[in-house]
Amino acid sequence: MNTTSGTQILTKNLRFFRKHFPGVYELVMGKEPERDIYRVCTARKAKVSTIEKYEGDRWQAVHSMYDPLQEAVRWAQPALKEKTTEVVLFGLGFGYYAEALLAINPQLRFYIIEPDIQVFLHSLESRDWTVFPWKQVLYFGFGSEEQTLHALHHSYFQRVHASLQIMELPAYIRLYPEVYRCFIETLKKGREEYVQGMTTTLYFQKMWTRNVMKNLRKTTSSPSVYGLTSQFRDRIVILTASGPSLADAIPTIRQAQQDQKAIIIAAGTSVNSLLRHDVIPDAFISYDPNQPNYHILKPVFQSGIPLMFASTIYYQITEEYEGPTAYFLTNQDYIYPYLDRKIKKEEVVQDAPTVTLIAMQLLLKLGCKAIYLAGQDLAYIDKKAYAPGTSEHHDTVNVDASVAFKQVLTVENNQGKMTETNESFINMLQSIEQFFAHSPVNHIYNLSEYGAKIKGISYTSTEELSTILEEEPSIPFEWELPEVNPKKQKKFLETLYKDIQLCAYDVRHLEALFNRMEKEKNIEPTRREQMVLEYNGIVDRFLQRPAFIGLFYPWMQVYLQHMQRTIYEIKDLPLVEHFPTVRDLLGRFVQECKAALEFYEENLKEI
1 MNTTSGTQIL
11 TKNLRFFRKH
21 FPGVYELVMG
31 KEPERDIYRV
41 CTARKAKVST
51 IEKYEGDRWQ
61 AVHSMYDPLQ
71 EAVRWAQPAL
81 KEKTTEVVLF
91 GLGFGYYAEA
101 LLAINPQLRF
111 YIIEPDIQVF
121 LHSLESRDWT
131 VFPWKQVLYF
141 GFGSEEQTLH
151 ALHHSYFQRV
161 HASLQIMELP
171 AYIRLYPEVY
181 RCFIETLKKG
191 REEYVQGMTT
201 TLYFQKMWTR
211 NVMKNLRKTT
221 SSPSVYGLTS
231 QFRDRIVILT
241 ASGPSLADAI
251 PTIRQAQQDQ
261 KAIIIAAGTS
271 VNSLLRHDVI
281 PDAFISYDPN
291 QPNYHILKPV
301 FQSGIPLMFA
311 STIYYQITEE
321 YEGPTAYFLT
331 NQDYIYPYLD
341 RKIKKEEVVQ
351 DAPTVTLIAM
361 QLLLKLGCKA
371 IYLAGQDLAY
381 IDKKAYAPGT
391 SEHHDTVNVD
401 ASVAFKQVLT
411 VENNQGKMTE
421 TNESFINMLQ
431 SIEQFFAHSP
441 VNHIYNLSEY
451 GAKIKGISYT
461 STEELSTILE
471 EEPSIPFEWE
481 LPEVNPKKQK
491 KFLETLYKDI
501 QLCAYDVRHL
511 EALFNRMEKE
521 KNIEPTRREQ
531 MVLEYNGIVD
541 RFLQRPAFIG
551 LFYPWMQVYL
561 QHMQRTIYEI
571 KDLPLVEHFP
581 TVRDLLGRFV
591 QECKAALEFY
601 EENLKEI
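Sequential numbering from 1 applies to the sequence shown in the UniProt record's numbering.
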């Protein structure tokens, strides 16, 4: 519809999106609609624009060519469940289906994915989007890539409840079957990831917080690893892991270090295996928050090898480690970024179930030219799961890994054959693949000939690496870092003490409110509304304090998300009906806050 009226509608729509939805405007600006396989016309009865697409050797309608408005009504009435308040909609089209749903329930809220941006581009010339109820749309995205669909699903997972319904435009299932299949698969996968993430957080949230707090003295007196950027920039790094193939790479590692052609970094417990082979890495990286990590790494404490540690690492490691140290942050540390506002978002490493992924992220941020993984097998090689010397426990498992692990699975290796592995290795493999699917790189290589194949990371032999290293200049690695400001620790402790007192004030008021809610019987509706408003006021003030995100959120992340979902479900009810829910939520919230306050106050005395 490349007419004068079409141009006027296009101009009006683009002005609207530029002002109110700049993200949408940026995506469509400069794009021309394809006119060979799409055609827009006026519906024969309804006299509104409709569109069809040439697919499968014929023209197929996205909306009815006769009456798309009535078609949408006939679909919406039986499809929409009575209790639905939010809809995840696969396909927007020209908006008629969403408008038909809103005619039934004007309070509906939408999460919409439009898999075919061409349909939307044609709609910009054909319908007036300024009158569409965009205020009811909580998420709107374009595309069919897994990353786009993943973003859609994660936009509503934290608020999932029984009143949410997933719906699809009928023609879209027919026209975009592969995208729809991916839509459903990413929904299932995303839900599994979300549940797994919540389960992990529930287990670790207080452990992470405890470690960060107890590590505070060491973290504030240690330099940041980013002070080493000049050492890593444009260098090749050989990153070791604890797989059995590490032994095969030792000659190459030893030669590279002797010639100063590459930096040798040990990930986690692989430092023990390197020392067994008389190879001293330039540094090693550790982040594990659990106590067993302390016992496994204890033999290294007096080695003098520089340690790059996450602030969430098990605290006794930093207390007893005698060598040079530098810290980095993962996204599970909320305390340090709250204390140090100079921390850049891009410096924070995403938490992961394997130290290798943590290390790869960190090395990429430090600017290295290429990373070669040694011992990153994630599979059994000759019935062994770990490199000799990783630890006594790992050596015991190595007698026969397929017997030591209860469940034996299989995975494709770098030679295209199936090899044995276990569930833990599969989880690590998937986490690496998922990370690099969203953030692809082309300069990480795996030296493990028979290790698990990692999508996005190519296999390279040690012989090929040796040839590449011959062309590299010889540059010594120097552990040189700037001095730490001695006043930093004192400043942070003063901030903590002051903010904890302010938060304690809010918690006392919330506890007093909860006690009144619990004790008063037969409360009048007006009084109930007043108490809910009082709750909202205190909680809003509390949540706006920087200390809340820094100190209290990490302590009770899972419960806070439960609170968020619960409050979201009742937000459309009259205020007086919020009372029983608010009272029940407040009781547990106060308990968690008091426990957090006690923890921080006790730890401040020890620092």
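Backbone N, C-alpha and C fix where the C-beta goes; we use that ideal spot for every residue, glycine too. In this text the structure is predicted, and so the values were computed from the model without any measurement.
For residue i, the three-state DSSP class (helix, strand or coil)
i	result
Leu108	coil
Met1	Because Met1 sits at a pLDDT of 49, beneath the cut-off of 50, its placement in the model cannot be relied upon, and the following sentence gives the value as read from the coordinates. It is coil, neither helix nor strand.
Tyr139	strand
Val484	coil
Met556	coil
Ser224	strand
Leu164	strand
Asn413	strand
Gln561	helix
Lys365	helix
Tyr459	strand
Asn446	strand
Tyr239	Per the sequence shown, residue 239 should be read as Leu rather than Tyr. Of the three classes helix, strand and coil, the one that applies to Leu239 here is strand, per DSSP.
Ala547	helix
Ser439	coil
Tyr336	helix
Ser39	For the sequence presented, residue 39 should be read as Arg rather than Ser. Three-state DSSP puts Arg39 in a strand.
Ser270	helix
Glu592	helix
Ser286	strand
Distance, residue j Cα to residue i Cα
i	j	result
Leu329	Leu469	31 Å
Glu99	Asp351	41 Å
Met1	Tyr553	Its pLDDT being 49, under 50, Met1 is placed unreliably in this model, and the value from its coordinates should be taken loosely. Taking the straight line joining both Cα atoms gives about 53 Å.
Arg528	Asp572	17 Å
residue 677	Asp499	This structure cannot speak to residue 677, because the chain is shown only from 1 to 607.
Leu493	Ala547	13 Å
Asp584	Arg109	27 Å
Ile51	Phe183	23 Å
Arg276	Leu228	27 Å
Trp59	Ile343	55 Å
Gln8	Leu575	45 Å
Val119	Ile335	46 Å
Gln316	Met167	52 Å
Met517	Gly537	16 Å
Arg235	Pro473	9 Å
Check whether residue i and residue j have beta carbons under 8 Å apart
i	j	result
Tyr459	Asn446	yes
Arg588	Tyr559	yes
Asp282	Ile263	yes
Val225	Ala370	no
Val355	Asn331	no
Arg233	Gly389	no
Glu433	Ala379	no
residue 612	Tyr139	Because residue 612 is not part of the residues shown, which for the chain are 1 to 607, the question remains open.
Ala374	Pro244	no
Ala452	Asn413	yes
Leu152	Ile113	yes
Neighbour-count burial assignment, residue i, 16 or more Cβ in a 10 Å radius
i	result
Ile265	buried
Pro115	buried
Thr240	buried
Ser230	exposed
His394	buried
Met360	buried
Ser222	buried
Thr396	exposed
Gly20	Note on residue identity: the sequence assigns His, not Gly, to residue 20. Exposed: under 16 other Cβ atoms inside 10 Å.
Arg44	exposed
Ser64	buried
Gln205	buried
Phe17	buried
Ala72	buried
Glu483	exposed
N-terminal and C-terminal residue of the alpha helix (DSSP H) that residue i is part of
i	result
Glu529	Pro525 to Gln544
Trp208	Pro177 to Lys214
Trp75	Pro68 to Ala79
Glu26	Pro22 to Val28
The beta strand (DSSP E) enclosing residue i, as first and last residue numbers
i	result
Tyr321	Run containing Tyr321: none; DSSP gives neither H nor E here.
Leu307	Leu307 to Ala310
Phe90	Glu86 to Phe90
Lys53	Ser49 to Glu55
Glu145	First-last for Glu145: undefined, no H or E at that position.
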